[in-house]
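Okay, structure first, notes after.
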Amino acid sequence: MSEQLHYALFTGCTAKQSTPELLSSTLAVADKLGIKITILEEASCCGASHLQDFDEFLAHVLNARNICYAEKLGLTMITICNTCQLNSAMTKHALDTDPELKARVNEKLAEVGLEYKGTSEIKHFLYTLIDEYGLENVKNKVQVPLSHLNIAPFYGCHNIRPSELHEDANGHENPYKPTSLDSLIDALEGNPVDYESKNKCCGFHVELQANHTSEVLAGNALLDAMDNNADLMVTPCPLCHLKMDTYQDSISKVMGRDVELPVLHMPQMVALALGCTEKEIGLNFHVQKAKHLYTA
Amino acid sequence: MSETRKVTIKAFRFNAETDYLPYTKQYEMEVGKDDLILDLMNRIKWEHDGSFSYRRSCRHGICGACAIKVNGKAVLACKQNAIELLDLFDNDITLEPSSKKRAIKDMIIDKSDFWEKHAAIKPYVVADVDPHPTHETKQSISEFNNFLDSDLCIQCGACHYSCPALEVNPEFFGPAAFAAAYRFTVDTRDSAGAERLELTAQAGQGVWDCVKCFECAEACPKEINPIEKITKLHNMQFEQGIAERNVATKHAEGFLRGMKKYGYLDEADIVTYSEGLLGAYKHIGTAMKMMKSGKIHWHSGVPFIDSIPKIKNLDEVQKLIEISQTNKL
Chain A
443 MSEQLHYALF TGCTAKQSTP ELLSSTLAVA DKLGIKITIL EEASCCGASH LQDFDEFLAH
503 VLNARNICYA EKLGLTMITI CNTCQLNSAM TKHALDTDPE LKARVNEKLA EVGLEYKGTS
563 EIKHFLYTLI DEYGLENVKN KVQVPLSHLN IAPFYGCHNI RPSELHEDAN GHENPYKPTS
623 LDSLIDALEG NPVDYESKNK CCGFHVELQA NHTSEVLAGN ALLDAMDNNA DLMVTPCPLC
683 HLKMDTYQDS ISKVMGRDVE LPVLHMPQMV ALALGCTEKE IGLNFHVQKA KHLYTA
Chain B
14 MSETRKVTIK AFRFNAETDY LPYTKQYEME VGKDDLILDL MNRIKWEHDG SFSYRRSCRH
74 GICGACAIKV NGKAVLACKQ NAIELLDLFD NDITLEPSSK KRAIKDMIID KSDFWEKHAA
134 IKPYVVADVD PHPTHETKQS ISEFNNFLDS DLCIQCGACH YSCPALEVNP EFFGPAAFAA
194 AYRFTVDTRD SAGAERLELT AQAGQGVWDC VKCFECAEAC PKEINPIEKI TKLHNMQFEQ
254 GIAERNVATK HAEGFLRGMK KYGYLDEADI VTYSEGLLGA YKHIGTAMKM MKSGKIHWHS
314 GVPFIDSIPK IKNLDEVQKL IEISQTNKL
């Protein structure tokens, strides 16, 4: 790479609140790899697919505002949450393909001195590592190979579906047979676990209103990974992490089997292999303890 | 370069009348660049095993009869090119029915649950039509466009049998029924919209149980994007005052509380606001574990303590909410 990669980071709400380890490990990985990050301190919540249900137009206005700040910097906006990625990308797609909607949204944005132009791309950090930094370059930076770990990749829905929306941003990932996380695990010299549930839903979004559905979906994936000898699960989505990590006790009760599996954020896994400090990786923030994985 | 590829096709086999368990059989054949999945199934039946069973009819992607899954991907066998799938799945082709648990014979499934749910949402225009009209009923182009392609649904069941919420909760209407509910509710000639919106607002069966996985959007062979219609139904429930105050609707609307104050969602507040104080009680065990691990900390994220860091230029978000919000609960 001749030029230093530079991105505008849309943190999302979760990395600023219940998963501080996601933000610290993301920044640590970027630092180790020499990727420059500018945090979009002006960015608001993406609506998390719930605000959209209440008021879709308002959600478009607020997401467009976030993108405006990446555009002002002239940078690609990167996300570290699948749901932030999807909702931001959906707004971008809607505005870029519907001039009437774009005009209505810009009419509102003008009231706060902003204009959505459509000049910034939106990409999840996972795919910038693979498509732009390059897996070979990641591999060359590995200091602590993860060869002792069987790692179950859990892709989460909103990076891979609907594939048509993401195809330019995620390297044309096949939603029925995704490979990005597997190849990243390979590059870190870990052992990717192949299991059927890797591209399924974790149930996070109905945790409150349809708790049983949510617990069963998460339980199916966790048990599937465990039955295939996973030492840990890794996901690019903090919402999948929250569901899979914090609810293992109640999931065990619903599933009738003990569920015990550490669930790492994708940047935490990379940070482990790059030899980042314990504080940067933040495994102590997990409900299902994962601190024993720290070997540096 | 050869025009054909020699491929081993694996097929799900099961006869509910004679088999206790399903099994897989393999068939070797040459696959050409123009072969459709339906051609491969025909070849299995005509050249290898006459007992192999599947539904087929129009061969033009219109009747929906031949909907199956190939390597987990929902397809219309008569529309799906085989080589494309071989490329997508590294030369691997496994034919399975849309729903293995509803299999009757090989690819043929019992679709009665699909049709019951489809019928329940009144998938037709409900109108008091004059038996001797003096003129035709017209619709404008924009009224037609408002269908958002939901009119193109062929009831193949691809989205229905790809929906993970339905797998867990058999009461759930499912994406195809919701797409139909949307299609007839926005029809300007129809008068049963409120009834459909009330039906699809019900907990357990309605749109609030959608897990938002986008499997339906991925599965639809007609590119109808059922989850887009699910979002529209959510919005219409609020617009038309049909949404009742409950955990699901307060969860959707409650995002604005945090965003107005901080720009961010207030993660702790959204739970207490959605569930109510008594309802939030059931989350205390999880909350305590999260607190112990540092996922909830005293300096931020605790209900009633106004200490979450605010975004820069929060006033812009507040202003935009004030001037752009179109719905209320």
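These protein sequence lines are chains A and B, in that order.
Those letters in the first sequence? Residues 443 to 738, by the numbering used here.
Those letters in the second sequence? Residues 14 to 342, by the numbering used here.
For glycine and all other residues, C-beta sits at the position ideal for the given N, C-alpha and C.
Original post:
From the beta carbon of Asn158(B), is the nearest beta carbon of chain A less than 9 Å away?
Top reply: The residue you call residue 158(B) lines up with position 145 of the second sequence. False, the Cβ-Cβ gap to chain A never drops below 9 Å.
Subject >> Other residues of its chain near Tyr275(B): CB distance less than 8 Å, five sequence neighbours each side excluded >> reply: For the purposes of this step, residue 275(B) is taken as residue 262 along the second sequence, with counting starting at 1. Cβ contact annotation for Tyr275(B) (same chain, cutoff 8 Å, sequence separation greater than five): Ile321, Pro322, Lys323, Ile324, Leu327, in chain order.
Original post:
Listing by chain order, which chain A residues have their CB less than 7 Å from the CB of Gly187(B)?
Top reply: Position 174 of the second sequence, counting from 1, holds the residue named residue 187(B). Chain A residues near Gly187(B): none, gap ~13 Å exceeds 7 Å.
Original post:
Buried or exposed: which applies to Asn508(A), given that a residue is buried once 16 or more other Cβ atoms fall within 10 Å of its Cβ?
Top reply: Mapped onto the first sequence, residue 508(A) falls at position 66. Asn508(A) counts as buried, since no fewer than 16 other beta carbons sit within 10 angstroms of its beta carbon.
Original post:
Taking the continuous alpha helix (DSSP H) assigned at Lys245(B), which residues delimit it?
Top reply: Counting from one through the second sequence, the residue named residue 245(B) turns up at place 232. First-last of the alpha helix (DSSP H) with Lys245(B): 239-252.
Original post:
With 9 Å set as the bound, which would you pick, yes or no: does the beta-carbon of Cys455(A) sit closer than that to a beta-carbon of chain B?
Top reply: Indexing the first sequence from 1 puts residue 455(A) at position 13. Yes, because at least one Cβ of chain B sits closer than 9 Å to the Cβ of Cys455(A).
Subject >> Arg466(A) and Gly724(A) closer than 9 Å at C-beta >> reply: Translated into positions along the first sequence, residue 466(A) becomes position 24. Translated into positions along the first sequence, residue 724(A) becomes position 282. The identity of residue 466(A) in the sequence shown is Ser, whereas the question assumes Arg. Going by C-beta atoms, Ser466(A) is nearer than 9 Å to Gly724(A).
Original post:
What residues in the region 617-646 of chain A bring their beta carbon closer than 7 Å to a beta carbon of chain B?
Top reply: Taking a C-beta cut-off of 7 Å against chain B, the contacting residues of the region 617-646 of chain A are Pro617, Tyr618, Lys619, Lys642, Cys643, Gly645, listed in chain order.
**OP:** Under the assumption that Phe160(B) contacts Val199(B) (Cβ atoms under 8 Å), give the Cβ distance between them as a whole number of angstroms.
**Re:** As a working note, residue 160(B) is residue 147 in the second sequence. As a working note, residue 199(B) is residue 186 in the second sequence. Indeed, because the Cβ distance is near 7 Å, the residues count as touching under 8 Å.
Original post:
Cα separation between Arg209(B) and Tyr174(B)?
Top reply: Start at 1 with the first residue of the second sequence, and residue 209(B) comes out as number 196. Start at 1 with the first residue of the second sequence, and residue 174(B) comes out as number 161. A straight line joining the alpha-carbon of Arg209(B) with that of Tyr174(B) spans about 22 Å.
Subject >> Under 7 Å from the C-beta of Gly613(A): neighbouring residues of chain B >> reply: What you label residue 613(A) is simply residue 171 of the first sequence in a count that begins at 1. Around Gly613(A), no beta-carbon contact reaches into chain B at under 7 Å, the shortest distance being about 14 Å.
**OP:** Compare the C-beta of Gly45(B) against all C-beta atoms of chain A and say whether one is closer than 9 Å.
**Re:** As a working mapping, residue 45(B) is identified with position 32 in the second sequence. Using beta-carbon distances, Gly45(B) does not count as an interface residue toward chain A, since no partner is under 9 Å.
Original post:
Which chain A residues sit within Cβ distance under 8 Å of Tyr277(B)?
Top reply: Translated into the one-based positions of the second sequence, residue 277(B) becomes position 264. Going along chain A in sequence order, the residues near Tyr277(B) (Cβ under 8 Å) are Cys455, Lys458, Gln459, Ser486, Cys487.
Original post:
Can you find a CB in chain A that lies within less than 9 Å of the CB of Val224(B)?
Top reply: Locating residue 224(B) in the second sequence gives position 211, counting from the first residue. At least one chain A Cβ lies under 9 Å of Val224(B).
**OP:** Verify whether the separation of the beta carbon atoms of Glu513(A) and Ser562(A) is less than 9 Å.
**Re:** Sequence index remark: in the first sequence, residue 513(A) carries index 71 (1-based). Sequence index remark: in the first sequence, residue 562(A) carries index 120 (1-based). Inclusion of Glu513(A) and Ser562(A) in the CB contact set at 9 Å is warranted, their separation being smaller than that value.
**OP:** Put Ala738(A) into one of helix, strand or coil per three-state DSSP.
**Re:** Locating residue 738(A) in the first sequence gives position 296, counting from the first residue. The predicted position of Ala738(A) is uncertain, since its pLDDT is 49 and thus under 50; no value can be drawn from it.
Subject >> Under 8 Å from the C-beta of His264(B): neighbouring residues of chain A >> reply: Position 251 of the second sequence, counting from 1, holds the residue named residue 264(B). One finds His492, Leu650, Gln651 in chain A with Cβ atoms closer than 8 Å to the Cβ of His264(B), taken in chain order.
Original post:
Is any beta-carbon of chain A found at less than 9 Å from that of Leu333(B)?
Top reply: Locating residue 333(B) in the second sequence gives position 320, where the first residue counts as 1. Residue-level contact by beta carbon holds for Leu333(B) and chain A, with a gap shorter than 9 Å.
Original post:
Hey, quick one: how far does the beta strand (DSSP E) through Ile693(A) stretch, first residue to last?
Top reply: Numbered from 1 along the first sequence, position 251 holds the residue referred to as residue 693(A). Careful: Ile693(A) lies outside any beta strand (DSSP E), inside the alpha helix (DSSP H) at 690-697.
Subject >> Among Cys176(B), Ser204(B), Cys169(B), the one whose alpha carbon lies nearest that of Tyr137(B) >> reply: Here the question's residue 137(B) lines up with position 124 in the second sequence. Among Cys176(B), Ser204(B), Cys169(B), the Cα nearest to that of Tyr137(B) belongs to Ser204(B).
Original post:
Per DSSP, what kind of secondary structure is Thr107(B) in: helix, strand or coil?
Top reply: On the second sequence, position 94 is the one that residue 107(B) refers to. Residue state for Thr107(B) is assigned as strand, using DSSP reduced to three classes.
Subject >> Buried/exposed call for Phe157(B), threshold 16 Cβ in 10 Å >> reply: As a first step, residue 157(B) is located in the second sequence; it is residue number 144 there, counting from the start. Exposed, since its Cβ has fewer than 16 Cβ neighbours within 10 Å.
**OP:** Report yes or no: is there a C-beta of chain A within less than 9 Å of the C-beta of Leu101(B)?
**Re:** Indexing the second sequence from 1 puts residue 101(B) at position 88. So yes, Leu101(B) belongs to the interface.
**OP:** Please check if any C-beta of chain B sits within less than 9 Å of the C-beta of Lys544(A).
**Re:** One-based indexing of the first sequence puts residue 544(A) at position 102. At a cut-off of 9 Å between beta-carbon atoms, Lys544(A) makes no contact with chain B.
Original post:
Excluding sequence positions up to five away, which residues of its chain have a Cβ less than 7 Å from the Cβ of Thr201(B)?
Top reply: Locating residue 201(B) in the second sequence gives position 188, counting from the first residue. Excluding sequence neighbours, Thr201(B) sits near Gln152, Glu156.
Original post:
Along the chain, where does the alpha helix (DSSP H) that runs through Ile509(A) open and close?
Top reply: Sequence index remark: in the first sequence, residue 509(A) carries index 67 (1-based). Under the DSSP assignment, Ile509(A) falls in the alpha helix (DSSP H) whose first and last residues are 498-515.
**OP:** Closer than 7 Å, Cβ to Cβ, to anything on chain A: give me those residues from the region 112-141 of chain B, in chain order.
**Re:** For the region 112-141 of chain B, which is checked against every Cβ of chain A, not one residue is closer than 7 Å.
Original post:
In the structure shown, what three-state DSSP assignment does His683(A) receive?
Top reply: Looking up residue 683(A) in the first sequence gives position 241. His683(A) falls in the helix class under three-state DSSP.
Subject >> Bridge partner(s) assigned by DSSP for Glu553(A) >> reply: By 1-based counting over the first sequence, the position of residue 553(A) is 111. Under DSSP, no beta-bridge partner is assigned to Glu553(A).
Subject >> Distance, Val729(A) Cα to Lys135(B) Cα >> reply: As a first step, residue 135(B) is located in the second sequence; it is residue number 122 there, counting from the start. As a first step, residue 729(A) is located in the first sequence; it is residue number 287 there, counting from the start. Looking at the backbone, the Cα of Lys135(B) and that of Val729(A) are separated by about 47 Å.
Subject >> Where Ile334(B) sits in the DSSP three-state scheme >> reply: Numbered from 1 along the second sequence, position 321 holds the residue referred to as residue 334(B). Helix at Ile334(B).
Original post:
At which residues does the alpha helix (DSSP H) containing Arg196(B) begin and terminate?
Top reply: For the purposes of this step, residue 196(B) is taken as the residue at position 183 of the second sequence. Per DSSP, Arg196(B) belongs to the alpha helix (DSSP H) from 188-198.
Original post:
Taking DSSP as the reference, what is the three-state secondary structure of Asn84(B)?
Top reply: Taking the first residue of the second sequence as 1, we reach residue 84(B) at position 71. Looking at Asn84(B) - three-state DSSP - the assignment turns out to be coil, as it is neither helix nor strand.
Subject >> Chain-ordered neighbours of Glu288(B) on chain A, where CB pairs are closer than 8 Å >> reply: Taking the first residue of the second sequence as position 1, residue 288(B) is located at position 275. Within chain A, Leu650 have C-beta atoms less than 8 Å from the C-beta of Glu288(B), given in sequence order.
**OP:** State the Cα-Cα distance for the pair Pro709(A) and Arg56(B), rounded to the nearest angstrom.
**Re:** Sequence index remark: in the first sequence, residue 709(A) carries index 267 (1-based). Sequence index remark: in the second sequence, residue 56(B) carries index 43 (1-based). So the alpha carbons of these two residues sit roughly 48 Å apart.
Original post:
Should Met303(B) be flagged as near chain A, meaning a C-beta pair shorter than 9 Å?
Top reply: Walking along the second sequence from the start, residue 303(B) turns up at place 290. Chain A, which has a Cβ nearer than 9 Å to the Cβ of Met303(B), makes this yes.
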